[in-house]
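Undergrad: First residue of the sequence shown? That's 266 in the working numbering, and the numbers climb one at a time after it. Where is the CB? At the ideal position from N, CA and C, for every residue including glycine. Bear in mind the structure is a predicted one, so any value in this text is a computation, not a measurement. First, the structure itself, so that you have it in front of you.
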Amino acid sequence: MLRVLVPLSGSARVATSSSAACTIGRSAAPASLLSHFLPSSSPSPTATAAAAAAAAAAAAAVHLPHAQHHHQHHHRFFSTTNSPIDTIKRRNIGISAHIDSGKTTLTERILYYTGRISSIHDVRGKDGVGAKMDSMDLEREKGITIKSAATFCKWNDAFVNIIDTPGHVDFTIEVERALRVLDGGILVLCGVSGVQSQSLTVDRQMKRYNVPRLAFINKLDRQGSNPWKVIGDLRNQLKLNAAAVQLPLGLEDKHSGVIDLIELKSYTFEGDKGETVVEGEVPSNMMELVHEKRTELLERLADVDEEIGELFLMEEEPTPQQFKEAIRRRTVSCQFVPVFMGSAFKNKGVQKLLDGVVDYLPEPREKANYALNRAKNEEPVEVQCHKDAPLLALAFKLEETQFGQLTYMRIYQGMLKKGNAIVNVNDGKKIKLARIVRMHSDEMQEIDEAHAGDVVAMFGIDCRSMDTFSDGNMDLAMSSMFVPEPVMSLAVKPRETKMQNNFAKALRKFTKEDPTLRVKVDSETKETVLSGMGELHLEVYLERMKREYNVECVSGQPNVNYKETIGTKKVFDWLHKKQTGGAGQYAKVIGYIEPMTEEEIKEHGKPNEFKNKCIGTNIPPEYYPSCEKGMNDAMTEGALVGCEVEGVRVVLQDGASHAVDSSDMAFRICMANAIRDTMKKANPSVLEPVMTVEIEIPSEFQGAVMASLSRRMGLIQNSEMNDDGSGLKIECQVPLANMFGYSTELRSLTQGKGEFTMEYFQHSAVPRNVQDELMDKYRMEREAREAA
266 MLRVLVPLSG
276 SARVATSSSA
286 ACTIGRSAAP
296 ASLLSHFLPS
306 SSPSPTATAA
316 AAAAAAAAAA
326 AVHLPHAQHH
336 HQHHHRFFST
346 TNSPIDTIKR
356 RNIGISAHID
366 SGKTTLTERI
376 LYYTGRISSI
386 HDVRGKDGVG
396 AKMDSMDLER
406 EKGITIKSAA
416 TFCKWNDAFV
426 NIIDTPGHVD
436 FTIEVERALR
446 VLDGGILVLC
456 GVSGVQSQSL
466 TVDRQMKRYN
476 VPRLAFINKL
486 DRQGSNPWKV
496 IGDLRNQLKL
506 NAAAVQLPLG
516 LEDKHSGVID
526 LIELKSYTFE
536 GDKGETVVEG
546 EVPSNMMELV
556 HEKRTELLER
566 LADVDEEIGE
576 LFLMEEEPTP
586 QQFKEAIRRR
596 TVSCQFVPVF
606 MGSAFKNKGV
616 QKLLDGVVDY
626 LPEPREKANY
636 ALNRAKNEEP
646 VEVQCHKDAP
656 LLALAFKLEE
666 TQFGQLTYMR
676 IYQGMLKKGN
686 AIVNVNDGKK
696 IKLARIVRMH
706 SDEMQEIDEA
716 HAGDVVAMFG
726 IDCRSMDTFS
736 DGNMDLAMSS
746 MFVPEPVMSL
756 AVKPRETKMQ
766 NNFAKALRKF
776 TKEDPTLRVK
786 VDSETKETVL
796 SGMGELHLEV
806 YLERMKREYN
816 VECVSGQPNV
826 NYKETIGTKK
836 VFDWLHKKQT
846 GGAGQYAKVI
856 GYIEPMTEEE
866 IKEHGKPNEF
876 KNKCIGTNIP
886 PEYYPSCEKG
896 MNDAMTEGAL
906 VGCEVEGVRV
916 VLQDGASHAV
926 DSSDMAFRIC
936 MANAIRDTMK
946 KANPSVLEPV
956 MTVEIEIPSE
966 FQGAVMASLS
976 RRMGLIQNSE
986 MNDDGSGLKI
996 ECQVPLANMF
1006 GYSTELRSLT
1016 QGKGEFTMEY
1026 FQHSAVPRNV
1036 QDELMDKYRM
1046 EREAREAA
């Protein structure tokens, strides 16, 4: 039997076989409609294929334009979205991956097959257009995604909100904010490289927010592709219970489609852009492998699903429906990861992946989300994903446009309606909703209202990222997201003084959009210092400043963001007393400081911790907040090299006050001075950012590259040769300060054939000789400034 499946405007697909009817969406045409094109007796495969193609064309001609022109329904599709969508038929997903795994290429195909765009364009913009979701000129020039972009489409009667996220580690906050508000995700993996450094980061982010996921092994048309090695990486490196739900039909240049392990059918993707999905039988020479991998899938499911486990023990074969229901249950509960396969660039496997999104990822009501009850010490409260519940929404992304600030919002419960007023829970401000839009990359469609479970954007809302909005009837706030600390800094200033206003305006806008971009004025040099996640991160913002604000900047050399910490516990007993006539200042604090472990810092959620263990009222309770502020003041500048301090717990045990001379300021100053003095005695040390570096090279250059890493104080974690021995992947940890200029050196060492990526691993103590050098440099710079 052969079936031809042609997608038409996403939800419309024509299926023909000797016993099939033509279906468009959920309504089926009479079988007699196809009788002119189907033979009455069993046909040969060739005849069946021809008949099926003719039937598909005829049916499409009767009901809709031909599949090659399915984009003509673009406007019809837009008009249907003005009314709210049933929560059950909605999916909110993010597409995430390591850089160059084909994530944006995959999104481009999804938009094409669902009828949201009329043609497919090159990611790097070589065709003069570029991928739809990379709307910035910089993205198209560099061939990378810099900002997350939202869109929506329809597939198999389901409405799908999609956020395409960057793959480069410097823009990881875009992945973080997307996964914070989405219900499901697609983790895209390269069929050759498998799990890479940013794959590990995305995995941590998905686990942090309990995001169910599908895995898509992409680039199976590439030389050296090996999906079974990639699945092994998922299990061993990411510790995921992953199993294939498909097999590839051929690899490398022979890759033509996939075999569905549940339905036991093959699917090939034909037509100029793979828009025609042809269903067929499983090739006989692959039956043994199909049986092996289907059994493996069954065993993996049986480990986590009771129903499948019972069938497995009774040696009964699950039906396809039982398989699908179990996969959905365990995917939604984050206990299983179904693995799909294909090649987005070669237009293979994307439609079946879309089927998986609808079949296996949760609708909004299936994903548990919690708000914090501010009236009850931030006690978690599960939100009700229903339009009739009181409104609760989270602003997760801000973007400046020509029309003003665009605020992206996820609605967790209740509804947003144009003209209604909402309240910012964080500052109590009331805001009237002037415009609500759905985003399609940089295009917008206005809507009148949106319901629980939806992702929309709004104009006219002055807020910060991660602000919660309600209808004013609840004191609940959604939890925020994890924001990594910057690892690199750059002193910047406008080339021309007359551009100072635009310079300041650009910095305000950029730091509001991106919480990982920090700006401060150095208290001693008076320089504006821009801090971010890496060289590319800072470079992109300087380029944006030039393009968007006409401000050309002069910048210094990039500097590593060192930190300081302590190594031992030390007590303090500090008196601050100042009398200058009239009311003076008096405060005394007693307690101790001690180092925190990495686990304690993560659990606390802040770099330092203040604990109040005072008994009695020697320090009046109203001064406790001032003591904590004093601690924070002390942590802004360490004693060794003037860097921020982290990993310190301050415990306040006792103290003294004066009825007249004590004040908030007195206790703040007292605590700050007490901690600064005590940290000098607590075995302080300097920490430097260490990066996880992943290098891919031809194996012939192994010796030279290893020697180079050794000179840069790299610690090799793993090295792995590919199957034919021609290529090598090296994973190592290297201090960020030693990575400057490595790109040029690697190109030179490997004749331009080597590539590397890196991501932040942790801050670690620098060697003693390096600490001494940093201290000498800091002291000399300080003396030079004081002399000037």
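May I ask you to report which of helix, strand or coil DSSP gives H334?
TA: Low per-residue confidence applies at H334: pLDDT is 34, beneath 50, and the placement is therefore not dependable, though the value from the model is reported in the following sentence. Here DSSP, grouped into helix, strand and coil, assigns H334 to helix.
Undergrad: Please specify which runs of the beta strand (DSSP E), each continuous and at least 3 residues long, are wholly inside the region 908-939, giving them in chain order.
TA: 913-921
Undergrad: Measuring only the C-alpha atoms, how far is F1005 from K777?
TA: 29 Å
Undergrad: Looking only at DSSP bridge pairs, what is Y851 linked to?
TA: K842
Undergrad: By alpha-carbon positions, which one of W839, V646 and K774 ends up nearest to S744?
TA: Answer by Cα proximity: V646.
Undergrad: Inspect the beta-carbon positions of M861 and R941 and report whether they are closer than 8 Å.
TA: R941 is positioned such that its CB atom lies no closer than 8 Å to that of M861.
Undergrad: Using DSSP with H/G/I as helix, E/B as strand and the rest coil, what is I451?
TA: Strand, per DSSP.
Undergrad: Report, in whole angstroms, the separation of the C-beta atoms of Y888 and F837, which I expect to be a contact under 8 Å.
TA: Actually they are not in contact, since the Cβ atoms of Y888 and F837 sit about 16 Å apart, beyond 8 Å.
Undergrad: Please state if the CB of A742 and the CB of S820 are separated by a distance shorter than 8 Å.
TA: Using a Cβ distance threshold of 8 Å, S820 and A742 do not count as a contacting pair.
Undergrad: What does the alpha-carbon distance come out to for the pair F481 and M1045?
TA: Whole-angstrom Cα-Cα distance: 54 Å.
Undergrad: Terminal residues of the continuous alpha helix (DSSP H) containing V446?
TA: First-last of the alpha helix (DSSP H) with V446: T437 to V446.
Undergrad: With three or more C-beta pairs closer than 8 Å as the rule, is the region 943-954 touching the region 980-988?
TA: no
Undergrad: With burial defined as no fewer than 16 other Cβ atoms inside 10 Å of the residue's Cβ, what is the status of N689: buried or exposed?
TA: N689 is buried by the Cβ-count criterion.
Undergrad: Please report the distance separating the alpha-carbon of A443 from that of I428.
TA: 7 Å
Undergrad: Rank H705, I701 and V523 by C-alpha distance to the C-alpha of K617 and give the top, closest one.
TA: V523
Undergrad: I'd like to check one pair, E711 with V702: are the Cβ atoms closer than 8 Å?
TA: yes
Undergrad: Looking at the structure shown, is A1002 part of a helix, part of a strand, or coil, going by DSSP?
TA: Reduced to three states, the DSSP call for A1002 is helix.
Undergrad: Starting from the C-beta of M746, find all residues in its chain whose C-beta is less than 7 Å away, skip the five residues before and the five after it, and write them out in chain order.
TA: Within the same chain, E441, R442, R445 and M731 come within 7 Å of M746 by CB-CB distance, once the 5 residues on both sides are set aside.
Undergrad: For P477, count neighbouring C-beta atoms within 10 Å of its own C-beta (all shown protein chains included) and say buried if the count is 16 or more, exposed if not.
TA: buried
Undergrad: Please name the residue in W420, G456 and V999 whose C-alpha comes closest to that of A362.
TA: G456
Undergrad: Do you know how far the Cα of E535 is from the Cα of R355?
TA: 29 Å
Undergrad: If you run the structure through DSSP and keep just helix, strand and coil, what is I981?
TA: strand
Undergrad: What's the C-alpha gap between V786 and V794?
TA: 6 Å
Undergrad: With a threshold of 8 Å, are at least 3 pairs of Cβ atoms found where one atom belongs to the region 853-869 and the other to the region 904-924?
TA: yes
Undergrad: What span of residues does the alpha helix (DSSP H) with E561 cover, start to end?
TA: M552 to A567
Undergrad: Give the range of the alpha helix (DSSP H) segment to which A1052 is assigned.
TA: R1033 to A1052
Undergrad: Hey, S531 and E546 are a contact pair by Cβ (cut 8 Å); roughly how many whole angstroms apart?
TA: 6 Å
Undergrad: Helix, strand or coil, according to DSSP, for N691 in the structure here?
TA: coil
Undergrad: For a test of the three-state rule: what should DSSP assign to I482, helix, strand or coil?
TA: For I482, the three-state secondary structure derived from DSSP is strand.
Undergrad: So, for F424: in the same chain, excluding its five sequence neighbours on each side, which residues have a beta-carbon less than 7 Å away from its beta-carbon?
TA: I350, K354, R355 and F417
Undergrad: Give every residue of the same chain whose Cβ lies closer than 6 Å to the Cβ of S462, excluding the five residues on either side of it in the sequence, and list them in chain order.
TA: Once the five neighbours on either side are set aside, the close Cβ partners of S462 are T957, E959, T1022 and E1024.
Undergrad: Select from G856, M936 and D568 the residue whose C-alpha is nearest the C-alpha of K842.
TA: Nearest of G856, M936 and D568 to K842, Cα basis: M936.
Undergrad: Please name the residue or residues paired with T1022 in a DSSP beta bridge.
TA: E959
Undergrad: Within the continuous alpha helix (DSSP H) that includes E643, where are the two ends?
TA: From DSSP, E643 is part of no alpha helix (DSSP H); its letter is neither H nor E.
Undergrad: Enumerate in chain order the residues of its own chain whose CB-to-CB distance from V510 is below 8 Å, with the five nearest sequence positions on each side excluded.
TA: Taken in chain order, the residues that qualify are D525, L526, I527, L562, I592, P603, V604, F605 and G621.
Undergrad: Please report the Cβ distance between N357 and L479, rounded to the nearest whole angstrom; I am assuming they are in contact, meaning their Cβ atoms lie under 8 Å.
TA: The pair is not a contact, with the Cβ atoms about 14 Å apart (cut-off 8 Å).
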